[in-house]
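Quick notes on the structure that follows.
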Amino acid sequence: MRVGIEVGGTFTDLVAIDGSRVEVVKVPSTPGNPEIGAFNSLEAAGIEAASVSDLVHGSTVATNAILERKGASVAFVTTQGFRDILFFQRHDRRNIYDLRYKKPAPPLRRKDCLEVAERVDSQGNIVLPLDEQAIRRDLIPALAAGGYQAVAVCLLSAYSAPAHEARVKELINAALPSVQVACSHEVASEFREYERATTTVLSAYVQPVIDGYLARFEATLAKANFAGGFSVMQSNGGRLPSVAMRKNSITALFSGPAAGVVGAIRQAERSGRKDLITFDMGGTSTDVCLVVDGVPSVSPETEVDGLPIRTPVLDIVTVGAGGGSLVWIDDGGMLRVGPRSSGATPGPACYGRGGTLPTVTDAHVVRGTIRADAFLGGTMTLDVDKAHKSFEEVAGKLGISVRDAAAAAIRLAVANIVRAVQLVSTERGRDPRSYALLPFGGAGPLLAAEIAEELGCREIVVPPNPGVISAFGLLAADYVRVASVTRRTALSDDAPTVLREEFQRFREKAETEFRSLGLDGALAFELTAEMRFVGQAFEIPVEIDPARLAGLKPSDLADEFSAAHRRIYFHGGEPGRKVEIVGLRFAVRRRLDSLPDFRERVSRLEHPPEIEVWTPNGAAATALIDADTLAPGRPVNGAAMIEGYSSTLWVPPGWCAERDEPGNIIMRRA
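Numbering (my numbering) for the sequence shown: 9 to 678.
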């Protein structure tokens, strides 16, 4: 049996697949102790840990540690004269008209920033040798006196010559063996000091948290006689065994959203759809990603709480428009949805757990697109009266009915998501009308048709069990390791040789690491060169086929760069202008032997054949259909609700839905 468990802000999702058997479970998350929610899901599914051969996990533990400032006590060690780099940051301002604007605060104090005497230039030449005596005399006693749990070491040019950093780590480990040390050349071996420094500090900040969390998780599994493989999802869309993730915790920041995109892509490929706009609408937020020819766009950098992090992540745009997003009136009397959320506790008013403020979920209950006695397959009953009551104050302030207020909240949630889709499509030169919309998450399929109409998308692909597709994505993810290095090289005759040498160095290291992790089998390698015109401030990614490295010429690299530049900026640059390679990004992928078959969970409930749903044109008689009874090739015309365990698909008037052989539901305008 293969099991994926994804811990979200409101619910913890489980997908278990054993041959043709598919088990799907959603249980409330336990934010204080996420592992409790994970094991609650196993218990709810009736699964013994000893029967599981492959367990994959994704959670928000690392992200929450940064957002809530609940990481380890960390010290920052850098080259003498650069201790304030975390506070100087960059010269940009997020809110240029805010007179009280403050830069994002790092997770430590200035007194936690310490210096060592050393200097290496950008070419790797030693300008000032490392003063080891001063480290033993001054630095180590200061670290011991501070009681730090972790230390981030980021020396000025360690990306070009890491020997000094490695020696500092050795000296600290020898004197303070209980302190975890993160070095910048191991975390983000790239230039640009501020970004490298914040990445290293945040890695050290969350490392003990992730290490402790996974240790507790593994201990509980061991008590339950678990003997299978345990791996953790990364932000880049791949997973790694937990033993490796405990050393690469910074890559686990956005594991949940990344898993959702991977699961959506794998399931859509079964229906021949590779150009997609995915949107995952969960309890707290909506995550949007653009997928071209089955490959999601990747960003080399992300940020959390305003702090940049140099680690490859799937290029996902997030907006505060989830099922639990609060509906409220601002100071100007305008209706707003999000970004504040009711969270897992107390949750929407209709949950009956003490929440009184209206949410998007309450709006759906009022509209009728969520049935109170069918939520989560009937395992959780919602309170319709409390949903209506939660909207009374908002409706009163706007001078409209409760139903109209709920409808307005849903339209506003749609507008927020449409704007997020435009950020990843039209604002990057992609026409959303050329892509299929793929909704998932508990609330995604409820709004899919309305979002598609706003964007002009002609087709919607809804996977089976859309409310738990992120948990399925955990099981569908390959094993992936990504590394990057700064290597400034002019586009001359030597450039292909540099690429071949660096690629071979990474390949040998990756093969050794994967063997040590027990990941035998064929490995696939990927290479991306970060290139730019000489004098430019930023670079663009240029993908290079490793199979072409042997015969690669400088002119080939120039052509690839020109083509990539044209795709982004619609021109190839000035003829004859010098080009350089700034950095290289490598990836190794160990693909799954087989993709598990994912089918709709059986969840038949007693219900009338038809109900009433409130639409902009008034009440509409709506057919009610069990998702697991919808046979391939049977068209369903709106108005209709296709109701599953984890989510409900709303088919408005004027739309038609039909399940295909792979199990996806394809929606088009009637």
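Even glycine gets a Cβ: it sits at the ideal position worked out from N, Cα and C.
Per-residue DSSP class, three states only, for Phe383: As a first step, residue 383 must be located in the sequence shown, where it is residue number 375. Here Phe383 carries a helix assignment [DSSP, helix/strand/coil].
Check whether Gly271 and Phe480 have beta carbons under 8 Å apart: Position 263 of the sequence shown, counted from the first residue, corresponds to residue 271. Position 472 of the sequence shown, counted from the first residue, corresponds to residue 480. Between Gly271 and Phe480, the C-beta spacing is below 8 Å.
Cross-strand partners of Met649 (DSSP beta bridge): The residue given as residue 649 occupies position 641 in the sequence shown. Paired residues: Leu632 and Trp658.
Three-state class that DSSP yields for Ala160 in the structure shown: Position 152 of the sequence shown, counted from the first residue, corresponds to residue 160. DSSP places Ala160 in strand when its eight states are reduced to three.
Residues of its chain near Asp668, where Cβ-Cβ distance is below 7 Å and the 5 sequence neighbours each way are ignored: On the sequence shown, residue 668 is found 660 positions in, with the first residue counted as 1. Excluding residues within five positions, the ones whose Cβ falls inside 7 Å are Ser279, Pro640 and Ile674.
Option nearest Leu384 by Cα separation, candidates Val85, Asn625 and Gly652: Taking the sequence shown and counting its residues from 1, the one referred to as residue 384 is at position 376. Just measuring C-alpha positions, the residue of Val85, Asn625 and Gly652 sitting nearest Leu384 is Gly652.
Terminal residues of the alpha helix (DSSP H) in which Arg515 lies: Along the sequence shown, read from residue 1 onward, the residue named residue 515 stands at position 507. From DSSP, the alpha helix (DSSP H) with Arg515 extends over Ala503 to Ser524.
Nearest-angstrom beta carbon gap, Val327 and Val432 [assumed within contact, 8 Å]: Here the question's residue 432 lines up with position 424 in the sequence shown. Here the question's residue 327 lines up with position 319 in the sequence shown. A Cβ-Cβ separation of about 11 Å leaves Val432 out of contact with Val327 under the 8 Å criterion.
At least 3 beta-carbon pairs within less than 8 Å: the stretch 89 to 107 vs the stretch 253 to 266: Flag = no, the stretch 89 to 107 and the stretch 253 to 266 do not touch.
Asp288 versus Phe399, Ala382 and Leu454, residue with shortest Cα-Cα distance: Along the sequence shown, one-based indexing puts residue 288 at 280. Minimum Cα distance to Asp288 is reached at Leu454.
Inter-stretch contact at 8 Å, needing at least 3 Cβ pairs: the stretch 407 to 427 / the stretch 284 to 298: Remark: three or more beta-carbon pairs, one from each stretch, lie closer than 8 Å, so the stretch 407 to 427 and the stretch 284 to 298 are flagged as touching.
Helix, strand or coil at Asp26 according to DSSP, with G and I counted as helix: Position 18 of the sequence shown, counted from the start, is the residue given in the question as residue 26. Asp26 carries a strand assignment under DSSP once its states are collapsed to helix, strand and coil.
Assumed close pair Thr389, Ala380 - CB separation to whole angstroms, cut-off 8 Å: Taking the first residue of the sequence shown as position 1, residue 389 is located at position 381. Taking the first residue of the sequence shown as position 1, residue 380 is located at position 372. Their Cβ separation, rounded to whole angstroms, is 6 Å, which keeps Thr389 and Ala380 in contact under 8 Å.
Identity of the residues DSSP links to Cys664 by a beta bridge: For the purposes of this step, residue 664 is identified with residue 656 of the sequence shown, where counting begins at 1. In the DSSP output, where bridge partners are listed per residue, Cys664 has Asn645 and Arg676.
Leu507 vs Ala537 beta-carbon contact at 8 Å: Your numbering for residue 507 matches position 499 in the sequence shown. Your numbering for residue 537 matches position 529 in the sequence shown. Against a cut-off of 8 Å, the Cβ pair of Ala537 and Leu507 comes out as a contact.
Segment contact flag, the stretch 595 to 607 with the stretch 616 to 631, C-beta cutoff 8 Å, min 3 pairs: No, they do not touch.
Neighbourhood of Leu531 by C-beta, 6 Å cutoff - its chain only, sequence neighbours within 5 removed: Counting from one through the sequence shown, the residue named residue 531 turns up at place 523. Excluding sequence neighbours, Leu531 sits near Val596 and Arg598.
Cβ distance (whole Å) where Val124 is taken to contact Leu138 below 8 Å: Residue 124 sits at position 116 when you count from the first residue of the sequence shown. Residue 138 sits at position 130 when you count from the first residue of the sequence shown. Sure, about 7 Å apart at Cβ, within 8 Å.
Residues sharing a beta bridge with Pro36, DSSP: In the sequence shown, counting from the first residue as 1, residue 36 sits at position 28. Its beta-bridge partners are Phe19.
Which of helix, strand or coil DSSP assigns to Gly66: As a working mapping, residue 66 is identified with position 58 in the sequence shown. Three-state DSSP puts Gly66 in a strand.
Residues bridged to Gln188 [DSSP beta-bridge criterion]: Counted from its first residue, the sequence shown places residue 188 at position 180. DSSP, once it has assigned bridges, lists Ala158 as partnering Gln188.
Neighbourhood of Arg677 by C-beta, 8 Å cutoff - its chain only, sequence neighbours within 5 removed: In the sequence shown, counting from the first residue as 1, residue 677 sits at position 669. Arg466, Gly662, Trp663 and Cys664, listed in sequence order.
Contact with chain D by Glu516, beta-carbon distance below 8 Å: Given the protein chain composition of this structure (a single chain), no chain D is represented.
Burial state of Asn686, where buried means 16 or more other Cβ atoms lie within 10 Å: Here the chain comprises residues numbered 9 to 678, so residue 686 is not present and cannot be evaluated.
Assigned exposure category for Thr206 - 16 Cβ within 10 Å defines buried: Position 198 of the sequence shown holds residue 206. Burial call: buried.
Assumed close pair Ser257, Gly66 - CB separation to whole angstroms, cut-off 8 Å: As a working note, residue 257 is residue 249 in the sequence shown. As a working note, residue 66 is residue 58 in the sequence shown. In fact, because the Cβ distance is near 13 Å, the residues do not count as touching under 8 Å.
For Met539, the residue or residues it bridges with in DSSP: Mapped onto the sequence shown, residue 539 falls at position 531. Paired residues: Ile548 and Ile589.
Leu483 and Ala566 closer than 8 Å at C-beta: Position 475 of the sequence shown holds residue 483. Position 558 of the sequence shown holds residue 566. At the C-beta level, Leu483 and Ala566 stay beyond 8 Å of one another.
Supposed contact pair Thr494 and Tyr167 - C-beta distance, whole angstroms, cut 8 Å: For the purposes of this step, residue 167 is identified with residue 159 of the sequence shown, where counting begins at 1. For the purposes of this step, residue 494 is identified with residue 486 of the sequence shown, where counting begins at 1. The C-beta distance from Tyr167 to Thr494 rounds to 5 Å, short enough to meet the 8 Å contact threshold.
Inter-residue Cα distance where the pair is Leu334 and Ser349: Taking the sequence shown and counting its residues from 1, the one referred to as residue 334 is at position 326. Taking the sequence shown and counting its residues from 1, the one referred to as residue 349 is at position 341. Roughly 5 Å between the two C-alpha positions.
Buried/exposed call for Met241, threshold 16 Cβ in 10 Å: Against the sequence shown, residue 241 aligns to sequence position 233. Classification of Met241: buried, given that the 10 Å Cβ count is 16 or more.
Backbone CA spacing between Ser307 and Ala571 [nearest angstrom]: The residue given as residue 307 occupies position 299 in the sequence shown. The residue given as residue 571 occupies position 563 in the sequence shown. When rounded, the distance between both Cα atoms is 19 Å.
As assigned by DSSP and simplified to three states, the class of Arg91: Here residue 91 is taken as the residue at index 83 of the sequence shown, counted from 1. Three-state result, Arg91: coil.
Cα-Cα separation, Ala503 to Arg127: Taking the first residue of the sequence shown as position 1, residue 503 is located at position 495. Taking the first residue of the sequence shown as position 1, residue 127 is located at position 119. Using only the alpha carbons, I get a separation of about 28 Å.
Coarse secondary structure for Glu534, derived from DSSP in three states: Numbered from its first residue, the sequence shown carries residue 534 at position 526. Under the three-state reduction of DSSP, Glu534 is assigned to strand.
Segment contact, 8 Å Cβ cut-off, at least three pairs: the stretch 183 to 191 with the stretch 226 to 243: Contact between the stretch 183 to 191 and the stretch 226 to 243 is absent, because fewer than three Cβ pairs lie under 8 Å.
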